[in-house]
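All remarks here apply to the structure that follows.
Protein chains: 2
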Amino acid sequence: MAPHTINITEKFKLFSDQWSPKVIAEMNDYQFKLAKVQGEFVWHSHDDTDETFIVIDGELTIEFRDKTIHLKKGEMVVVPKGVEHKPKAESECQIMLIEPKGVVNTGDVDNELTSENNVCI
Amino acid sequence: MAPHTINITEKFKLFSDQWSPKVIAEMNDYQFKLAKVQGEFVWHSHDDTDETFIVIDGELTIEFRDKTIHLKKGEMVVVPKGVEHKPKAESECQIMLIEPKGVVNTGDVDNELTSENNVCI
Chain A
1 MAPHTINITE KFKLFSDQWS PKVIAEMNDY QFKLAKVQGE FVWHSHDDTD ETFIVIDGEL
61 TIEFRDKTIH LKKGEMVVVP KGVEHKPKAE SECQIMLIEP KGVVNTGDVD NELTSENNVC
121 I
Chain B
122 MAPHTINITE KFKLFSDQWS PKVIAEMNDY QFKLAKVQGE FVWHSHDDTD ETFIVIDGEL
182 TIEFRDKTIH LKKGEMVVVP KGVEHKPKAE SECQIMLIEP KGVVNTGDVD NELTSENNVC
242 I
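Listed in order, the protein sequences are those of chains A and B. Residue 33 in my numbering is what sits at position 33 of the first sequence, and the numbering runs on without skipping anything. Residue 166 in my numbering is what sits at position 45 of the second sequence, and the numbering runs on without skipping anything.
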């Protein structure tokens, strides 16, 4: 695809469903996805890849089995592959996810929070 | 590395040199880098990889051979592999770069703007 300007804030206006990542860009075999999240997600891990979270607006908590980290707007974390984690947010939080194409949002778990992949906006 | 919170604004306070990307995180074989840029960079391309620019603060212009795009805070672009481009910024601009480890900032060009790789902050 020809290079073009992507406005992250404008992209967030295009959807309202939570825990349902939308692809806004691809780089090699990686995708940039946006998601609105609120409440508690499910414990899961991704056996084959690291996963990056960047908080665009709001506050995100990620629980690990041995600690909890808190992320505010402008903060990021790389969750190493194979590490169990559970994102949660008291109020709606806007996040960017960066990970390889084909990564399922719930990782090794398949439940009602599992989202369709490759939904582009 | 164990997952930890990375504050992008705080990382930008740790350096002042321009056109000299600093690694703040790694995800699989990719790196997240921060750079302060001002003035005109050099025309170059990366033959083997796409490259992502996210503007964290300020305004960035990227010239292509067939068009010019303008990016403000909160906007991003993926430059496809092999596509010649020249970033420039009138005032100092803070950007995040995402690309595979080992990518040289000046791509196929080696000049006084070529930076050392893998400088972590």
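Where a beta carbon is used, it is the ideal one built from N, C-alpha and C, also for glycine.
Check your understanding: From Asp169 of chain B to Val158 of chain B, what distance separates their C-alpha atoms?
Key -> To locate residue 169 of chain B, count along the second sequence from 1; it is residue 48. To locate residue 158 of chain B, count along the second sequence from 1; it is residue 37. Approximately 24 Å between the Cα atoms of the pair.
Review point. In three-state terms, what does DSSP make of Thr170 of chain B?
Key: Position 49 of the second sequence, counted from the start, is the residue given in the question as residue 170 of chain B. Note: Thr170 of chain B maps to coil in three-state DSSP.
Check your understanding: What are the start and end residues of the beta strand (DSSP E) that includes Thr235 of chain B?
Key -> Position 114 of the second sequence holds residue 235 of chain B. Element bounds for Thr235 of chain B: n/a, residue is neither H nor E.
Exercise for review: Measure the alpha-carbon distance for Lys33 of chain A versus Ser137 of chain B and round it to whole angstroms.
Suggested key: As a first step, residue 33 of chain A must be located in the first sequence, where it is residue number 33. As a first step, residue 137 of chain B must be located in the second sequence, where it is residue number 16. Between Lys33 of chain A and Ser137 of chain B, the C-alpha separation is close to 31 Å.
Practice item. Check Phe133 of chain B in the structure and name its three-state DSSP category. Key: In the second sequence, residue 133 of chain B corresponds to position 12, counting from 1. Three-state DSSP puts Phe133 of chain B in a helix.
Check your understanding: Which whole-angstrom value describes the C-beta separation of Ser166 of chain B and Asp229 of chain B, a residue pair presumed to lie in contact below a C-beta threshold of 8 Å?
Key -> Here residue 166 of chain B refers to the residue found at position 45 when the second sequence is read from its first residue. Here residue 229 of chain B refers to the residue found at position 108 when the second sequence is read from its first residue. 6 Å between Cβ atoms; contact.
Check your understanding: Helix, strand or coil: how does DSSP classify Ile242 of chain B here?
Key -> Within the second sequence, residue 242 of chain B is the residue found at index 121, counting from 1. In the structure shown, Ile242 of chain B sits in coil (DSSP, three-state: anything other than H, G, I, E or B).
Review point. For Glu180 of chain B, which residues from the same chain have a beta carbon less than 8 Å from its beta carbon, with the 5 sequence-adjacent residues on both sides left out?
Key: Walking along the second sequence from the start, residue 180 of chain B turns up at place 59. Around Glu180 of chain B: His191, Leu192, Lys193, Lys194, Ala210, Glu211, Ser212 and Cys214.
Review point. Do you know whose CA, among B:Gly223, B:Trp140, B:Pro201 and B:Ile129, lies nearest Tyr30 of chain A's CA?
Key: As a first step, residue 30 of chain A must be located in the first sequence, where it is residue number 30. The shortest C-alpha separation from Tyr30 of chain A is found at B:Pro201.
Exercise for review: With distances taken Cα to Cα, identify the nearest neighbour of Leu14 of chain A among A:Val55, A:Ala2 and A:Ala35.
Suggested key: Against the first sequence, residue 14 of chain A aligns to sequence position 14. For Leu14 of chain A, the nearest C-alpha among the options comes from A:Ala35.
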